[in-house]
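Novice: Got a structure for you, written out below as structure tokens; questions coming shortly.
Have a look at this one:
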């Protein structure tokens with residue numbers, strides 16, 4: 001009766017408080033109207049709205065980061081122009097600016113949270129396998145990742161880093177936060193399956209926000225992230241990725257119209273002198289600024305002018321096959337060196353101490369910033385002059401550089417970004433070979449930097465350079481094509497560049513969808529068959545010898561990892577679970593008390609313990625978590641405690657602990673491959689054998 005009177009009194013207080021607020025009837029009607037609108041909107045399902053919000057949000061963030069990067073890049077150019085003709089100051093302004101930004105990116109991201117450093121895909125891949133990583137998808141990582149990634153991208157091609165991985169991480173954090181908002185709006189309990197569906201869609205959104213390619217973005221995320229994919233999640237990835245790409249293009253059109261209105265009647269800015277001119281070296285033709293080509297970057301990511309009636313000869317398939325072999329071998333060498341370097345950095349005392357103390361001393365500028373000696377024109381200037389986007393535009397050029405560079409007549413050479421690769425001191429082939437040699441170890445070193453950055457775009461560019469060099473050599477050997485009779489059918493090196501980019505990036509990441517990614521991003525489909533062939537050959541070589549780039553990160557970071565079964569011999573299918581299962585298992589009985597639970601906790605640090613019917617009848621009935629066992633010890637008495645200290649009650653495990661039922665158990669004769677597929681498909685961490 002007293003409790004009922006207190007509840008009535010509390011209700012009267014609440015009613016009196018509400019009655020003092022203005023317009024109670026109007027507020028009640030408005031609240032009812034909003035509830036009706038929510039019911040009508042969610043009648044078709046709330047997934048559509050939250051996926052749409054995710055796509056639009058990531059497109060807006062990606063576009064905003066591009067704008068900020070363009071402004072900071074323009075500020076760097078302005079600083080370089082305003083210093084004057086003092087060579088030392090120009091050199092310092094060109095080198096210290098990206099170094100300071102990289103140092104700030106590392107220090108800021110590490111000071112906020114260490115989870116914001118690196119790509120983020122290895123950790124997300126581990127989460128999608130069912131492992132819980134604390135605070136990795138927390139919203140406080142979002143700001144640190146955005147600020148750190150922006151500073152990294154402003155460094156340009158100096159550090160040779162990209163943004164695919166960080167965008168996937170950002171999209172996953174946004175999806176996790178939107179999932180929590182959905183539980184608040186719909187007033188439902190937090191469902192881990194719903195969270196997994198949002199994370200699956202976030203993968204595709206992250207790739208689409210970078211390339212503007214929703215189809216290949218979905219396929220690439222499926223290949224890279226998980227060995228098994230639920231078809232019911234297919235539409236979620238496509239819908240969110242399409243919303244992201246469409247919003248991206250709308251923002252590009254809006255920015256283009258604003259830029260035209262703002263530039264009306266304004267004189268163009270003076271050209272930016274190159275770094276080589278500071279030290280008396282002939283300056284190449286200046287390239288377009290990143291700011292002026294921002295809308296082109298978004299509307300047509302890799303603008304390609306490959307327009308030919310006869311794209312490739314059937315006999316060229318052999319050379320595309322050789323290109324796939326070259327990309328596969330170089331990918332194996334790169335993956336080995338990259339994993340070896342990461343292990344050295346992690347185990348070396350000096351570097352481990354620097355990274356453990358979150359120091360920014362690990363940031364180092366690329367050697368491309370070192371000046372050439374006076375009077376010598378070294379082929380390293382493309383690394384200084386070109387941005388990441390301009391690298392790909394130049395490598396996908398439809399013209400044959402070898403023929404343009406050997407033009408010794410009085411006719412002026414056609415302009416374009418290809419001239420950045422044409423230097424008096426080296427041929428086109430020497431420049432490309434030097435670029436591949438230098439960027440190989442630069443890319444290996446760049447992956448060890450503790451700053452938010454992606455690594456797919458540099459790998460993509462490196463593969464395009466491999467294909468370009470291979471195509472130029474083939475064009476040099478066969479200037480009229482592979483058929484000497486009939487009309488000339490010249491070799492198109494741009495097609496080899498497309499195939500090289502897809503083959504090298506696909507072999508490093510264990511994906512075949514890079515073939516579609518190249519075609520979708522450039523709008524060129526004529527070389528799709530040889531591109532797919534090169535990608536398949538390169539993947540076959542790499543998957544036989546090295547783990548993928550993201551799996552290597554999981555291995556080095558010692559995250560939970562299910563290694564693939566390398567052997568497909570028929571004898572491996574006869575291996576049973578009893579041959580490799582763990583026999584030392586600490587189990588509890590339903591009738592166990594304080595002493596038995598204490599011994600079990602001391603004997604093992606497992607997160608959960610199996611519970612059997614009794615010691616005489618060890619039939620598995622379920623599991624109990626370690627936290628519940630600790631609570632059981634805190635609330636029960638020790639049998640040897642003095643009588644004056646026995647304040648708790650006695651009891652058994654089966655009476656006072658919630659035992660979770662076992663949904664899946666294996667027999668000792670289950671095969672290795674069956675158990676492996678179950679772990680992958682159901683994302684299991686532990687299975688009991690009975």
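Numbering (the UniProt record's numbering), first residue to last: 1 to 690.
The beta-carbon is built from N, C-alpha and C at its ideal position, and this holds for glycine as well.
Taking its Cβ as the centre, do 16 or more other Cβ atoms sit within 10 Å of residue 690, making it buried, or is it exposed?
Specialist: By one-based count along the chain shown, residue 690 stands at place 690. Exposed.
Novice: Spatial neighbours of residue 228 within its chain, please: CB distance less than 7 Å, with the 5 preceding and 5 following residues excluded, ordered by chain position.
Specialist: The residue labelled residue 228 in the question sits at position 228 within the chain shown. So the list reads 680, 681, once near-sequence residues are dropped.
Novice: With 16 other CB atoms within 10 Å as the buried threshold, where does residue 184 fall?
Specialist: Reading the chain shown from its first residue, position 184 is the one you call residue 184. Flag for residue 184 reads exposed.
Novice: Taking the alpha carbon of residue 168 as the reference point, which residue from 514, 246, 82, 241 has its own alpha carbon closest?
Specialist: As a first step, residue 168 is located in the chain shown; it is residue number 168 there, counting from the start. Cα-wise, what sits closest to residue 168 is 241.
Novice: In whole angstroms, give me the CA-to-CA distance for residue 223 and residue 677.
Specialist: Your numbering for residue 223 matches position 223 in the chain shown. Your numbering for residue 677 matches position 677 in the chain shown. Rounded to whole angstroms, the separation of the alpha carbons of residue 677 and residue 223 is 16 Å.
Novice: Counting pairs of beta carbons, one from the region 532 to 548 and one from the region 661 to 676, are three or more of them closer than 8 Å?
Specialist: no
Novice: Starting from the C-beta of residue 238, find all residues in its chain whose C-beta is less than 8 Å away, skip the five residues before and the five after it, and write them out in chain order.
Specialist: Here residue 238 is taken as the residue at index 238 of the chain shown, counted from 1. 204, 214, 215, 218.
Novice: In terms of residues, what are the limits of the alpha helix (DSSP H) holding residue 328?
Specialist: On the chain shown, residue 328 is found 328 positions in, with the first residue counted as 1. Run containing residue 328: 317 to 347, per the alpha helix (DSSP H) assignment.
Novice: If you draw a straight line from the alpha carbon of residue 137 to that of residue 666, how long is it in whole angstroms?
Specialist: Against the chain shown, residue 137 aligns to sequence position 137. Against the chain shown, residue 666 aligns to sequence position 666. In a straight line, the C-alpha of residue 137 is about 33 Å away from that of residue 666.
Novice: Evaluate residue 592 with the Cβ neighbour count: other Cβ atoms within 10 Å of its Cβ, from every protein chain shown; 16 or more gives buried, anything less gives exposed.
Specialist: The residue you call residue 592 lines up with position 592 of the chain shown. So residue 592 ends up on the buried side.
Novice: Apart from the five residues on each side of it in sequence, which residues of its chain come closer than 7 Å, Cβ to Cβ, to residue 360?
Specialist: As a working note, residue 360 is residue 360 in the chain shown. At residue 360, the pLDDT of 38 sits below 50, so the modelled position is not reliable and the matter cannot be decided from this model.
Novice: Identify every run of the beta strand (DSSP E) within the region 557 to 607, keeping only runs that are complete inside it and at least 3 residues long; order them along the chain.
Specialist: List check, beta strand (DSSP E) in window: nothing returned.
Novice: Report back the beta-carbon spacing between residue 313 and residue 482 to the nearest angstrom; my notes put them in contact at under 8 Å.
Specialist: Translated into positions along the chain shown, residue 313 becomes position 313. Translated into positions along the chain shown, residue 482 becomes position 482. Going by Cβ atoms, the distance from residue 313 to residue 482 rounds to 5 Å, so yes, they are a contact pair.
Novice: Could you give the residue range of the beta strand (DSSP E) that holds residue 205?
Specialist: In the chain shown, residue 205 corresponds to position 205, counting from 1. Premise fails: residue 205 lies in the alpha helix (DSSP H), 192 to 211, not in any beta strand (DSSP E).
Novice: Anyone know if the C-beta pair for residue 507 and residue 675 falls short of 9 Å?
Specialist: The sequence position of residue 507 within the chain shown is 507, counting from 1. The sequence position of residue 675 within the chain shown is 675, counting from 1. Contact flag unset, no.
Novice: Alpha carbon to alpha carbon, what distance is there between residue 342 and residue 278?
Specialist: Start at 1 with the first residue of the chain shown, and residue 278 comes out as number 278. Start at 1 with the first residue of the chain shown, and residue 342 comes out as number 342. Residue placement at residue 278 is flagged as unreliable, the pLDDT there being 33, under the threshold of 50; the coordinate-derived value follows with that caveat. Approximately 36 Å, taken between the alpha carbons.
Novice: Taking 8 Å as the cut-off, does the region 604 to 619 touch the region 580 to 590 (at least 3 CB pairs, one atom from each stretch)?
Specialist: Verdict: yes, contact present.
Novice: Which residues share a DSSP beta bridge with residue 688?
Specialist: As a first step, residue 688 is located in the chain shown; it is residue number 688 there, counting from the start. Answer is 665, bridged to residue 688.
Novice: In three-state terms, what does DSSP make of residue 623?
Specialist: In the chain shown, the residue the question calls residue 623 occupies position 623. Of the three classes helix, strand and coil, the one that applies to residue 623 here is strand, per DSSP.
Novice: Taking residue 194 and residue 206 to be in contact with their CB atoms under 8 Å, please state how far apart those CB atoms are, rounded to whole angstroms.
Specialist: For the purposes of this step, residue 194 is taken as residue 194 along the chain shown, with counting starting at 1. For the purposes of this step, residue 206 is taken as residue 206 along the chain shown, with counting starting at 1. 19 Å between Cβ atoms; not a contact.
Novice: Would you mind sorting residue 616 into buried or exposed? The rule is 16 or more other CB atoms within 10 Å of its CB.
Specialist: Mapped onto the chain shown, residue 616 falls at position 616. Answer is exposed; the Cβ neighbour count stays below 16.
Novice: In three-state DSSP terms, what is residue 49?
Specialist: Counted from its first residue, the chain shown places residue 49 at position 49. Helix.
Novice: Going by DSSP, which residues form a beta bridge with residue 423?
Specialist: As a first step, residue 423 must be located in the chain shown, where it is residue number 423. Looking at the DSSP assignment, residue 423 forms a beta bridge with 426.
Novice: Comparing alpha-carbon positions, which option in 78, 532, 324, 79 lies nearest residue 471?
Specialist: Locating residue 471 in the chain shown gives position 471, counting from the first residue. In this structure, 324 is the residue among 78, 532, 324, 79 with its C-alpha nearest to the C-alpha of residue 471.
Novice: Taking the straight line between their C-alpha atoms, what separation do you get for residue 283 and residue 423?
Specialist: In the chain shown, residue 283 corresponds to position 283, counting from 1. In the chain shown, residue 423 corresponds to position 423, counting from 1. With a pLDDT of 38 at residue 283, under the threshold of 50, the modelled position of that residue is not reliable, and the figure given next carries that caveat. Taking the Cα positions, residue 283 is about 10 Å away from residue 423.
Novice: Throw me the rounded Cβ distance for the residue 62 and residue 454 pair, which I believe falls under 8 Å.
Specialist: Numbered from 1 along the chain shown, position 62 holds the residue referred to as residue 62. Numbered from 1 along the chain shown, position 454 holds the residue referred to as residue 454. Between residue 62 and residue 454 the beta-carbon gap is near 12 Å, outside 8 Å, which marks them as no contact.
Novice: My understanding is that residue 200 touches residue 236, with C-beta atoms under 8 Å, so please give their C-beta distance in whole angstroms.
Specialist: Your numbering for residue 200 matches position 200 in the chain shown. Your numbering for residue 236 matches position 236 in the chain shown. Between residue 236 and residue 200 the Cβ distance is about 7 Å, and since that is below 8 Å, they are a contact.
Novice: With a 10 Å radius around its C-beta and 16 neighbouring C-beta atoms as the bar for buried, classify residue 94 as buried or exposed.
Specialist: Mapped onto the chain shown, residue 94 falls at position 94. With 16 or more Cβ atoms within 10 Å of its Cβ, residue 94 is classed as buried.
Novice: Note down, in chain order, each residue of its chain lying with its Cβ closer than 6 Å to the Cβ of residue 683, except the 5 sequence neighbours on either side.
Specialist: Your numbering for residue 683 matches position 683 in the chain shown. Answer for residue 683: 129, 130, listed in chain order.
Novice: Take the Cβ of residue 202 as the centre, count every other Cβ of all protein chains shown within 10 Å, and call the residue buried at 16 or more, exposed below.
Specialist: Residue 202 sits at position 202 when you count from the first residue of the chain shown. Under this definition residue 202 is a buried residue.
Novice: Mind reading off the beta-carbon distance from residue 542 to residue 328? Whole number of angstroms is fine, and I expect it under 8 Å.
Specialist: In the chain shown, residue 542 corresponds to position 542, counting from 1. In the chain shown, residue 328 corresponds to position 328, counting from 1. Right, the Cβ-Cβ distance comes to about 5 Å (below 8 Å), so this counts as a contact.
Novice: Give me, in chain order, the residues of the same chain whose beta-carbon lies closer than 6 Å to that of residue 526; leave out the 5 immediate sequence neighbours on both sides.
Specialist: Here residue 526 refers to the residue found at position 526 of the chain shown. These residues qualify, in order along the chain: 311.
Novice: Output needed for residue 621: all residues of its chain with C-beta closer than 8 Å, excluding positions within five of it in sequence on either side, in chain order.
Specialist: Residue numbering aside, residue 621 sits at position 621 when the chain shown is read from its first letter. Hits under 8 Å: 590, 611, 612, 613, 659, 661, 662.
Novice: For residue 671, which of helix, strand or coil comes out of DSSP?
Specialist: Reading the chain shown from its first residue, position 671 is the one you call residue 671. Three-state DSSP puts residue 671 in a strand.
Novice: Whole angstroms are fine: how far does the CA of residue 122 sit from the CA of residue 554?
Specialist: Taking the chain shown and counting its residues from 1, one reaches residue 554 at position 554. Taking the chain shown and counting its residues from 1, one reaches residue 122 at position 122. Near 6 Å, if we compare the C-alpha coordinates of residue 122 and residue 554.
Novice: Return the first residue and the last residue of the alpha helix (DSSP H) that residue 89 is part of.
Specialist: Taking the chain shown and counting its residues from 1, the one referred to as residue 89 is at position 89. Looking at the DSSP string, the run of the alpha helix (DSSP H) that includes residue 89 is 87 to 112.
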